[in-house]
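Colleague: Below are the structure tokens for one structure; questions will follow.
Chains as they are written, first to last, in the UniProt record's numbering: chain A, 1 to 283; chain B, 1 to 357.
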């Protein structure tokens with residue numbers, strides 16, 4: 001049987017408490033389990049507020065942090081066994097990351113195409129300039145850009161949406177099978193946000209890339225995800241089909257989260273701020 | 001001074017109520033930069049006219065680089081080079097007299113700030129001093145502006161915090177000991193303790209989690225209704241505008257492109273950009289595909305001729321490329337700057353339906 005794309009198996013992460021004599025331990029992630037099927041690419045969403053452990057979980061999936069309990073297997077292989085540089089590069093070419101602020105992800109003093117070339121060289125083993133250019137141009141075409149548009153340009157010459165698309169192209173250079181996107185649209189302008197979101201859908205449908213989408217925005221999560229988990233202080237409180245969970249959440253925390261989302265329709269129905277104002281739960 | 005006839009007096013009072021608290025008239029504020037001997041001007045606020053009445057929350061929506069932050073700075077009188085006001089005026093009609101903000105001396109400006117005009121910023125840490133207890137921040141900001149001193153002053157702050165459902169013990173905390181939402185609540189308490197007539201709120205909840213955001217917005221609305229102040233609320237989050245604001249102005253590339261009552265604007269957006277903003281908003285339970293806007297945001301350093309939205313506009317016609325559309329009142333309290341819409345408002349709706357996915 002073919003192994004799953006990703007198995008997160010009862011994973012925990014504990015940080016030692018701050019302070020010299022403190023014995024307090026902070027359990028950032030507690031016993032989280034889920035799997036992604038290799039044959040069915042999907043958008044898997046992790047929802048949580050700040051401090052819920054969603055970013056810690058992401059860095060463990062990216063193998064930049066080690067779990068203190070449980071194990072993570074990518075294509076059947078335990079991430080703890082990836083040690084040599086060769087194994088690491090092989091892993092990174094299959095699992096790529098996209099971050100929140102594209103302006104932080106790119107060095108402002110370097111032209112953006114340099115990153116794409118480096119990715120092509122390191123992850124795809126393109127030795128010649130022509131091979132690299134073809135590879136990079138391919139990746140840029142997938143996100144609706146071209147090398148001619150991007151070549152030699154610096155981050156400040158781009159809009160946030162364009163730059164985030166280049167970040168996605170960079171992740172696509174090595175033809176990954178999994179992309180971990182940590183709040184990829186929260187810094188992007190409203191008029192361009194849906195372009196990037198729709199791109200994730202295209203990656204899933206046309207390129208067969210699975211995406212772990214980490215967010216606190218329930219509306220975009222509803223729009224693109226297939227399945228989701230909701231995390232609260234390190235624990236998964238609710239998991240399931242995205243539409244079902246968001247339409248009718250069951251766990252008290254999910255219900256609170258769902259009710260806190262301000263919607264336009266809710267504003268006219270009076271389920272918005274006024275409902276809150278009547279019962280001052282401001283503490 | 002002659003005594004007014006009672007009827008005349010009440011008429012005068014009505015007049016007074018009709019005068020908006022804030023009037024911004026034909027305001028142009030540019031950044032003038034000199035780089036390697038080349039002069040550049042960035043037209044961040046270009047010919048903006050609007051007014052905010054008493055006891056209302058006026059929302060300002062727009063993406064980054066649409067000029068909304070610059071507009072706030074010019075309204076608050078915080079103008080430092082390279083930002084310069086070219087033309088136009090900003091007038092506040094406070095209860096103790098009308099003030100043109102650009103004719104005030106720094107001293108007079110200092111007197112109205114915080115007492116009559118206060119701010120809530122996105123990062124509360126830029127208001128709260130990280131090495132001083134919250135109590136000291138209150139003393140620093142509010143003490144010069146209120147009549148109470150000493151114990152009476154402490155009592156006033158305590159009562160104000162209680163009114164906002166905050167515990168008095170936060171006064172003894174350092175900012176880093178409080179959560180982000182709590183700090184933002186303290187920042188709101190700080191901004192409202194002197195009972196200002198006008199509050200500028202610049203993305204005060206953008207950095208907060210959803211659950212916390214709702215609480216903070218409800219608190220802001222509660223205190224606004226209680227004080228009867230006017231609020232200029234800036235955010236790019238349309239869902240927040242729908243829930244909080246009374247009237248809404250949409251900015252694009254340094255210009256106001258549409259303005260109206262929030263509800264009307266959401267029910268029937270007129271400007272193509274507003275239509276896009278509202279129709280592309282993802283919502284739970286809504287399964288229709290949403291589209292991003294083609295093209296890139298405008299470069300304010302090299303503004304386009306004509307309407308600044310025309311390269312991205314699905315309705316653009318010839319005149320849009322040549323002439324900038326003026327802001328036209330199409331209905332009471334409703335203004336829009338678009339050649340196509342003002343020429344034939346009825347023709348727009350079907351055309352937009354075709355464009356929509």
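Don't be surprised by glycine CBs; every beta carbon is placed ideally from N, CA and C.
Would you report the Cα separation of residue 234 of chain B and residue 277 of chain B, rounded to the nearest angstrom?
Modeller: Taking the second chain and counting its residues from 1, the one referred to as residue 234 of chain B is at position 234. Taking the second chain and counting its residues from 1, the one referred to as residue 277 of chain B is at position 277. The straight-line gap from Cα to Cα measures roughly 15 Å.
Colleague: Tell me whether residue 77 of chain B sits in a helix, a strand or coil according to DSSP, three-state version.
Modeller: For the purposes of this step, residue 77 of chain B is identified with residue 77 of the second chain, where counting begins at 1. Three-state result, residue 77 of chain B: coil.
Colleague: Put residue 104 of chain A into one of helix, strand or coil per three-state DSSP.
Modeller: Here residue 104 of chain A is taken as the residue at index 104 of the first chain, counted from 1. Note: residue 104 of chain A maps to helix in three-state DSSP.
Colleague: Pairing CB atoms from the region 290-302 of chain B with CB atoms from the region 224-235 of chain A, are three or more of them under 8 Å?
Modeller: Contact fails: fewer than three Cβ-Cβ distances are below 8 Å.
Colleague: DSSP has residue 294 of chain B in a bridge; who is on the other side?
Modeller: Here the question's residue 294 of chain B lines up with position 294 in the second chain. None, per the DSSP bridge assignment.
Colleague: Between the region 197-212 of chain B and chain A, which residues of the former have a C-beta closer than 7 Å to a C-beta of the latter?
Modeller: So the list reads 209, 210, 211, given in the order they occur along the chain.
Colleague: What is the rounded straight-line gap between the Cα of residue 30 of chain A and the Cα of residue 72 of chain A?
Modeller: Against the first chain, residue 30 of chain A aligns to sequence position 30. Against the first chain, residue 72 of chain A aligns to sequence position 72. Each residue's alpha carbon lies about 14 Å from the other.
Colleague: Out of B:246, B:43, B:82, B:215, point me to the one whose CA is closest to residue 308 of chain B's CA.
Modeller: Residue 308 of chain B sits at position 308 when you count from the first residue of the second chain. It is B:43.
Colleague: Anything in chain A within Cβ reach of residue 242 of chain B, meaning under 9 Å, just list it in chain order.
Modeller: As a first step, residue 242 of chain B is located in the second chain; it is residue number 242 there, counting from the start. Going along chain A in sequence order, the residues near residue 242 of chain B (Cβ under 9 Å) are 262, 263, 264, 265, 266, 267, 268, 272.
Colleague: Between the alpha carbons of residue 89 of chain A and residue 262 of chain A, how many angstroms are there, rounded?
Modeller: On the first chain, position 89 is the one that residue 89 of chain A refers to. On the first chain, position 262 is the one that residue 262 of chain A refers to. Approximately 43 Å, taken between the alpha carbons.
Colleague: Candidates B:124, B:241, B:240: which alpha carbon is nearest residue 184 of chain B's?
Modeller: Taking the second chain and counting its residues from 1, one reaches residue 184 of chain B at position 184. The shortest C-alpha separation from residue 184 of chain B is found at B:124.
Colleague: Residue 195 of chain A touches chain B at which residues, Cβ-Cβ below 7 Å?
Modeller: Start at 1 with the first residue of the first chain, and residue 195 of chain A comes out as number 195. What residue 195 of chain A touches in chain B: 292.
Colleague: Quick one: list the residues of chain B neighbouring residue 198 of chain A, beta-carbon separation under 9 Å, in chain order.
Modeller: By one-based count along the first chain, residue 198 of chain A stands at place 198. What residue 198 of chain A touches in chain B: 289, 290, 291, 292.
Colleague: Roughly how many angstroms lie between the CA atoms of residue 313 of chain B and residue 81 of chain A, to the nearest whole one?
Modeller: Here the question's residue 313 of chain B lines up with position 313 in the second chain. Here the question's residue 81 of chain A lines up with position 81 in the first chain. Cα to Cα, the separation comes out at about 53 Å.
Colleague: Using a cut-off of 8 Å between C-beta atoms, extract the partners of residue 276 of chain B located in chain A.
Modeller: Counted from its first residue, the second chain places residue 276 of chain B at position 276. Correct list: 191.
Colleague: In whole angstroms, what is the alpha-carbon distance linking residue 78 of chain B and residue 188 of chain A?
Modeller: Working through the second chain from its first residue, we reach residue 78 of chain B at position 78. Working through the first chain from its first residue, we reach residue 188 of chain A at position 188. When rounded, the distance between both Cα atoms is 27 Å.
Colleague: Residues in the region 43-63 of chain B with C-beta within 8 Å of chain A's C-beta atoms, listed in sequence order?
Modeller: The region 43-63 of chain B vs chain A, Cβ under 8 Å: 63.
Colleague: List, in order along the chain, the chain B residues whose C-beta lies closer than 9 Å to that of residue 162 of chain A?
Modeller: Start at 1 with the first residue of the first chain, and residue 162 of chain A comes out as number 162. The contacting residues are 296.
Colleague: In whole angstroms, give me the CA-to-CA distance for residue 251 of chain B and residue 273 of chain B.
Modeller: Translated into the one-based positions of the second chain, residue 251 of chain B becomes position 251. Translated into the one-based positions of the second chain, residue 273 of chain B becomes position 273. Straight-line Cα distance between these residues: approximately 9 Å.
Colleague: Can you tell me whether DSSP reads residue 94 of chain B as helix, strand or coil?
Modeller: Residue mapping note: residue 94 of chain B aligns to position 94 of the second chain, counting from 1. Of the three classes helix, strand and coil, the one that applies to residue 94 of chain B here is strand, per DSSP.
Colleague: Counting only beta-carbon atoms, is residue 254 of chain A nearer than 7 Å to chain B?
Modeller: Position 254 of the first chain holds residue 254 of chain A. Output row for residue 254 of chain A: interface = no.
Colleague: Note down the Cα distance separating residue 343 of chain B from residue 336 of chain B, rounded to an integer number of angstroms.
Modeller: Taking the second chain and counting its residues from 1, one reaches residue 343 of chain B at position 343. Taking the second chain and counting its residues from 1, one reaches residue 336 of chain B at position 336. Rounded to whole angstroms, residue 343 of chain B to residue 336 of chain B spans 11 Å at the Cα level.
Colleague: How many Å lie between residue 305 of chain B and residue 322 of chain B at the Cα?
Modeller: Here residue 305 of chain B refers to the residue found at position 305 when the second chain is read from its first residue. Here residue 322 of chain B refers to the residue found at position 322 when the second chain is read from its first residue. Distance between the alpha carbons of residue 305 of chain B and residue 322 of chain B is about 6 Å.
Colleague: On the three-state DSSP scale, how would you describe residue 60 of chain B?
Modeller: Walking along the second chain from the start, residue 60 of chain B turns up at place 60. The answer is strand: DSSP assigns residue 60 of chain B an E or B state.
Colleague: What span of residues does the beta strand (DSSP E) with residue 28 of chain B cover, start to end?
Modeller: The residue you call residue 28 of chain B lines up with position 28 of the second chain. Element bounds for residue 28 of chain B: 22-35.
Colleague: If contact means a Cβ-Cβ distance below 9 Å, which residues of the region 212-244 of chain A contact chain B?
Modeller: Against chain B - using a Cβ distance shorter than 9 Å - the residues of the region 212-244 of chain A are 216, 217, 218, 219, 220, 221, 222, 223, 224, 243.
Colleague: Around the C-beta of residue 341 of chain B, are 16 or more other C-beta atoms found within 10 angstroms, so that it is buried, or is it exposed?
Modeller: The sequence position of residue 341 of chain B within the second chain is 341, counting from 1. The residue is buried, with at least 16 neighbouring Cβ atoms inside 10 Å.
Colleague: Going by Cα to Cα distance, which pick from B:64, B:140, B:263, B:207 is closest to residue 191 of chain B?
Modeller: Within the second chain, numbered from 1, the residue matching residue 191 of chain B stands at position 191. Comparing Cα positions, the closest option is B:140.
Colleague: May I ask you to report which of helix, strand or coil DSSP gives residue 9 of chain B?
Modeller: Translated into positions along the second chain, residue 9 of chain B becomes position 9. Only weak support is given to the placement of residue 9 of chain B: the predicted model assigns it a pLDDT of 44, under 50, and the value that follows is read from those uncertain coordinates. In the structure shown, residue 9 of chain B sits in a helix (DSSP, three-state: H, G or I).
Colleague: Please classify residue 259 of chain B: is it buried, with 16 or more other beta-carbons within 10 angstroms of its beta-carbon, or exposed?
Modeller: Taking the first residue of the second chain as 1, we reach residue 259 of chain B at position 259. Label assigned to residue 259 of chain B: buried.
Colleague: Any beta carbon of chain A sitting closer than 7 Å to that of residue 94 of chain B?
Modeller: Counting from one through the second chain, the residue named residue 94 of chain B turns up at place 94. No, residue 94 of chain B does not count as interfacial toward chain A.
Colleague: Mark residue 74 of chain A as exposed unless 16 or more other C-beta atoms lie within 10 angstroms of its C-beta, in which case mark it buried.
Modeller: Locating residue 74 of chain A in the first chain gives position 74, where the first residue counts as 1. Residue 74 of chain A comes out buried.
Colleague: Is residue 252 of chain A buried or exposed, if buried means 16 or more other CB atoms sit within 10 Å of its CB?
Modeller: Walking along the first chain from the start, residue 252 of chain A turns up at place 252. Label assigned to residue 252 of chain A: exposed.
Colleague: Does any CB atom of chain A fall closer than 7 Å to the CB of residue 283 of chain B?
Modeller: Your numbering for residue 283 of chain B matches position 283 in the second chain. Interface residue, yes.
Colleague: Considering Cα atoms alone, identify which of B:210, B:287, B:25 is closest to residue 372 of chain A.
Modeller: Coverage of chain A is limited to positions 1 through 283, which leaves residue 372 of chain A absent and any answer about it impossible.
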